[in-house]
Amino acid sequence: MIKFIKYFVYIFIVLLVLVSLIPKINTIDALKLNKEEIKLLKIKAKNKDFKAIERLYAYYAYSLRDYNKTTYILKLAAELGNTDYQVMLYNHLIKEKKYKEEALYWLKKAAKQNNKRAIEELKRYKNDNN
707 MIKFIKYFVY IFIVLLVLVS LIPKINTIDA LKLNKEEIKL LKIKAKNKDF KAIERLYAYY
767 AYSLRDYNKT TYILKLAAEL GNTDYQVMLY NHLIKEKKYK EEALYWLKKA AKQNNKRAIE
827 ELKRYKNDNN
């Protein structure tokens, strides 16, 4: 009986490890873009295709780790009125003191559109800076 329990626990742990690797594999594959794909995604993003914006954001932020390109795609989405991206842009910009005012602009804009996360972040910001 004890051998069966040990075997079961071993199989369970192996399955957990394998399941945890699945999203990482998909994410890594999603971050590989060639020049043509990037060009097409940029066109789609400018035409309000949020799937394209999501792909470019993931590519710029996590694959290239390029602050300026990440800022560019977040601003594009924020300017298109997406409140979630406005909050993401706030979180991205607030890390640099020189962008504090711009970061707060996007956070307040999202909060005015009743984005719950923005409202919470704004309250937290006000509490931390009083």
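Numbers in my numbering are just positions in the sequence shown, counted from 1, shifted up by 706.
Here a beta-carbon is modelled for each residue, glycine too, at the ideal position from N, C-alpha and C.
So A751 packs on I759, CB below 8 angstroms; how close in whole Å?
5 angstroms
Kindly indicate which residue of K814, K832, L770 has the alpha-carbon position closest to the one of V793.
K814
In whole angstroms, what is the alpha-carbon distance linking R771 and I708?
49 angstroms
Whole angstroms are fine: how far does the CA of N797 sit from the CA of E826?
13 angstroms
Other residues of its chain near N820: CB distance less than 6 angstroms, five sequence neighbours each side excluded
none
In angstroms with no decimal places, state the Cα-to-Cα distance between E785 and R761.
17 angstroms
Is the beta carbon of L799 less than 7 angstroms from the beta carbon of E808?
yes
Once you ignore the five residues that flank K804 on each side, which residues in its own chain have a CB closer than 7 angstroms to its CB?
none
Can you tell which of Y811, K818, I779, S769 has its C-alpha closest to the C-alpha of I749?
I779
Which stretch, first to last residue, makes up the alpha helix (DSSP H) that contains Y796?
789–799
Candidates N835, D790, I711: closest to K818 by CA position
D790
Can you give me the start and stop residues for the alpha helix (DSSP H) that A784 sits inside?
773–785
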